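Each remark here refers to the structure printed beneath this line.
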Amino acid sequence: MSPDVLTGEHFINGNTASAEGAIAAGCRFFAGYPITPSTEVAERMSRRLPQIGGTFIQMEDELASMCAILGASWGGQKSMTSTSGPGFSLMMENIGLGVMTETPTVVVNVMRGGPSTGLPTLVAQADVMQARWGAHGSCEMIALAPSSPQEMFDFTVRAFNLSEKYRLPVMVLSDEVVGHMTEKVVIPPSDRIAVFNRRKPAEKPSDGYLPFKAGEDLVPPMANAGEGYHMHVTGLTHDERGYPVITAAAQLKLVQRLCDKVRKNKEDIIAYTETDTEKADVIVVSYGISARTSWKAIRAAQRRGLRVGQLKLDTLWPFPEQKVRELAGKVKGFVVPELNMGQMVFEVERCAAGKCSTRLVPHPGGEIHDPADILRAIKEVAS
Amino acid sequence: MTQDANVSLVDRDRSGTVAIHEKDRRDAGHPLDRLLRPGRIPHIWCSGCGLGVVLTAYLKGIQKAGLDLDKVSIVSGIGCTGRTAGYINLDSFHTTHGRALPFATGLKLANPELKVTVISGDGDLFAIGGNHLIHAARRNVDMLVLCVNNFNYGMTGGQVAPTTPVNSKTQTSPYGCWEHPFNLPYVAAASGAVYVARWTALHARRLMESVAEAVKHPGLSFIEVISQCPTNFDRPNKGGEGIDLMHFYEKNTVVKNGSDPKEADIGLYTPIVCGKFVDIQKPTYDSCYANMCTMSKGGKK
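Protein chains in written order, with this note's numbering: chain A, 112 to 494; chain B, 33 to 333.
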């Protein structure tokens, strides 16, 4: 049992819960830059980490924050940063470095309205495609979407576990309302929180360890700096030794594996929550705060006798293609409310593949949806 | 060059010393072989470039300092100098352009046992990474920053840099550079670096000794190495070949230890002031952070 885990019932906001989730998962290094509406994560970490043997550092910008957490991960610590829209944009370059160098770390993005400075203090969900495609180059990403302070805790723990297991930066895509919402959060005893730690090399340094040679699970065991392995880690395309190889063949081998380690483990990564989908005519596909806004509309529709269910996306990336394809064959249509002008709806539409209708309920952010707008969409799709 | 052959040319004996396999004995004549990654030499640098001298001086310097080489990490950014990390047979990280310092900061603070050196170029550390340089120096993170200044962006074909002397011709200042350049030791010292020195690629021995001293100096040490770039900078500026620049350094460098770095400006082929400008003691980031942690738990400093 770790005394560092605040086991018990708490009344805390989502950002604080995320920080506690990180600590419970073993995070002992935080680098960040203040930005509304994510700042409470950094503030909490600045209070907690010095007391439990961890390192907190406020960097000079988000570029530096992202690099520092990659460096810290290679130094052997579980690491995290938190940010919002403009800071998330600045982190993209080195999120790519994290993907290429297979560095476990966690990025919490508490989404606000954009483009640009946009709505610093108000909600949006407009970074979900940036999370998937923002870093240049071909890669697969993992992103989780909590919709409550409890899920901020739970999903942050899971983000660390996935990052350690699959060796890449994992994103927690929260939003301003979930980050600032204060609710009951139950933190279990530390021995009941599943924590996954990166697999270490079986070989000794003298046995010819190849730092980027993966076995069947496609994830290479990871040595830390200072352990005597004398490894080379580069953002250039590299071979199993980690040495740069600038050829199409090396690119194919490496990028294929980086994508496959996520694609072939989708079943392990993807999480969603289905409610009343069994006999539904209409399914609302939603995530984050919009998953909760949807409920009022779904209940109202059900009271009117409509058969409506919900597919709540707990992971946005990888997208649950199989599930959406399967549901598409059974329903009249999907309703997709999101606090952007249409992003995840394209994934839903792609997987529906014309088997049913897909209806976006857009909102540029600044406030959550009026459930009446979602209800209207449900009725139209149902009729 | 095969990519997969001879993966493990080096081995270690019980004391942790790296030994060279019998099959690689043909190259064992050079005492630095064990610090270079098997199969990575020849390097990509142009003939006449100063980077080979810098690499040699660095490796000899850390040997002389007697560091536990298992605990040494090299971090580079992008560019010609940024390729240095890839040749050194120690833990080495080749990061993104300008970002070596924040990466190194995270690495060092996550494991304070590590001896971290950042080796990168003037464009990487002072243009795209300039903000990180001043903040790493301000924090006094315990690491060595070795900045090779060749007055231009060599890897991309010779463009103007924040160090390019006024009136120098580059691919993006074809009529002569009209911007004021940085004086790197002055910037580093003003930002808080506790050890600041400058040498040229001619000063192989002094550079080596400076590295040996600086890696053991607690806090952020900064060494600038002026290097010729006969391919991209010295050709348009008619500075000659590598050997000509060596002669230039021989005749035009003045060693002034302890002089004010403010006076260390560099013009196009004007005399270059070298030496150790700053050598002071100041609490490192590590020690300040440890004090704060003690206070956070209710203890005294």
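Ideal placement from N, C-alpha and C gives every residue a C-beta, glycine not left out.
A quick note: this is a predicted structure, and the numbers were derived from the prediction, not measured.
Neighbour list for residue i in chain A, Cβ cutoff strictly below 8 Å
i      : result
B:R72  : Y354
B:K103 : G337
B:H167 : M170, E171 and A175
Status (buried if at least 16 other CB within 10 Å, exposed otherwise) for residue i
i      : result
A:R414 : exposed
B:A132 : buried
A:F457 : exposed
B:G48  : Bear in mind that the predicted position of B:G48 carries a pLDDT of just 47, short of 50, making it too unreliable to give a figure here.
A:Q252 : In the sequence on display, residue 252 of chain A carries Met and not Gln. A:M252 should be labelled buried.
B:K294 : exposed
B:L64  : exposed
A:M211 : buried
A:F122 : exposed
A:R303 : exposed
A:S195 : buried
Beta-carbon contacts of residue i that lie in its chain and below 7 Å, excluding the five residues immediately before and after
i      : result
A:P231 : T147 and R223
A:L438 : T388, I394 and L422
B:N269 : S200, K201 and L300
A:T127 : E151 and R155
A:V356 : T348, H349 and D350
B:T137 : A168 and V173
A:E120 : K295 and V297
Beta-carbon proximity list for residue i, same chain, < 6 Å, skipping 5 on both sides
i      : result
B:E245 : none
A:A246 : M203, I206 and G207
A:G319 : none
B:N289 : G307 and K308
A:V281 : V217, I253, A270, L273 and S274
A:C462 : E432, V435 and R436
B:A37  : Because the pLDDT at B:A37 is just 39, under 50, the model does not fix this residue reliably, and the point stays unresolved.
Residue i: contacting residues in chain B (beta-carbon distance under 7 Å)
i      : result
A:T345 : G118 and H126
A:L181 : F135 and G138
A:S274 : Simply none; closest approach about 15 Å.
Through-space distance from residue j to residue i, alpha-carbon basis
i      : j      : result
A:A235 : A:Y340 : 45 Å
B:W210 : A:G229 : 37 Å
A:R243 : A:Q454 : 11 Å
A:V297 : A:F264 : 9 Å
A:G416 : A:K490 : 11 Å
B:K140 : A:G420 : 51 Å
A:V116 : A:E294 : 19 Å
B:E241 : A:K364 : 43 Å
A:A411 : A:R436 : 26 Å
A:G326 : B:L67  : 29 Å
B:E256 : A:P322 : 32 Å
A:D425 : A:E314 : 37 Å
B:R46  : B:D102 : Any reading at B:R46 must be qualified, since the residue scores a pLDDT of 47, below 50, and its modelled position is unreliable; the value itself is stated next. Whole-angstrom Cα-Cα distance: 13 Å.
B:G98  : B:V247 : 10 Å
A:E171 : B:H164 : 7 Å
B:C320 : B:G331 : 14 Å
A:G165 : A:T192 : 14 Å
B:G118 : B:P70  : 11 Å
A:K377 : B:H62  : 50 Å
A:P316 : A:L329 : 21 Å
B:L157 : B:I151 : 9 Å
B:F254 : B:V310 : 9 Å
A:I134 : A:S149 : 17 Å
Chain-ordered chain A contacts of residue i [CB-CB under 7 Å]
i      : result
B:C325 : P161
B:S328 : P161 and Q162
Under 8 Å from the C-beta of residue i: neighbouring residues of chain B
i      : result
A:C462 : Going along chain B, no residue has its Cβ under 8 Å from A:C462, so there is no contact; the nearest lies around 34 Å.
A:S249 : The premise fails here: A:S249 is roughly 17 Å from chain B at the closest Cβ pair, so nothing lies under 8 Å.
A:G245 : Residues of chain B passing the Cβ test: none, with the nearest at roughly 15 Å.
A:G166 : Looking at the sequence shown, residue 166 of chain A is not Gly but Thr. By Cβ distance, chain B contributes L141, A142 and Y321.
A:C138 : Here the premise fails: no neighbours, minimum Cβ distance about 11 Å.
Neighbouring residues, chain B, relative to residue i (Cβ below 9 Å)
i      : result
A:N308 : Under the 9 Å cutoff, chain B gives no residues; its nearest Cβ is about 15 Å from A:N308.
A:A142 : P134, T137, G138 and L141
Cut-off 8 Å between Cβ atoms - residues of its own chain near residue i, not counting five sequence neighbours on either side
i      : result
A:L427 : V239, A242, R243, A254, L255, A256, L284, Y398 and M455
A:K311 : P332, M333 and A334
A:V373 : E251, M252, I253, Y277, L279, I380 and P429
B:G161 : G109, H129, G130, R131, A132, L133 and S152
Do the segment 178-187 of chain A and the segment 282-295 of chain A touch if we need at least three Cβ pairs shorter than 8 Å? Touching, no.
Within the chosen definition, does the segment 83-91 of chain B reach the segment 177-186 of chain B through at least 3 CB pairs nearer than 8 Å? As far as the Cβ criterion goes, the segment 83-91 of chain B touches the segment 177-186 of chain B, which means the pair count is three or higher.
Stretch pair the segment 167-174 of chain B + the segment 224-242 of chain B: three plus CB contacts closer than 8 Å: With a cut-off of 8 Å, the segment 224-242 of chain B and the segment 167-174 of chain B count as touching, because enough Cβ pairs lie within range.
Any contact between the segment 378-387 of chain A and the segment 145-162 of chain B? By contact I mean 3 or more CB pairs, one from each, below 8 Å. Not touching, per the Cβ criterion.
For the pair the segment 185-192 of chain A and the segment 181-193 of chain B, tell me if three or more CB-CB distances fall below 8 Å. Contact between the segment 185-192 of chain A and the segment 181-193 of chain B is absent, because fewer than three Cβ pairs lie under 8 Å.
Tell me, please, whether the segment 261-278 of chain A touches the segment 139-146 of chain A by the rule of three or more beta-carbon pairs shorter than 8 Å. Contact fails: fewer than three Cβ-Cβ distances are below 8 Å.
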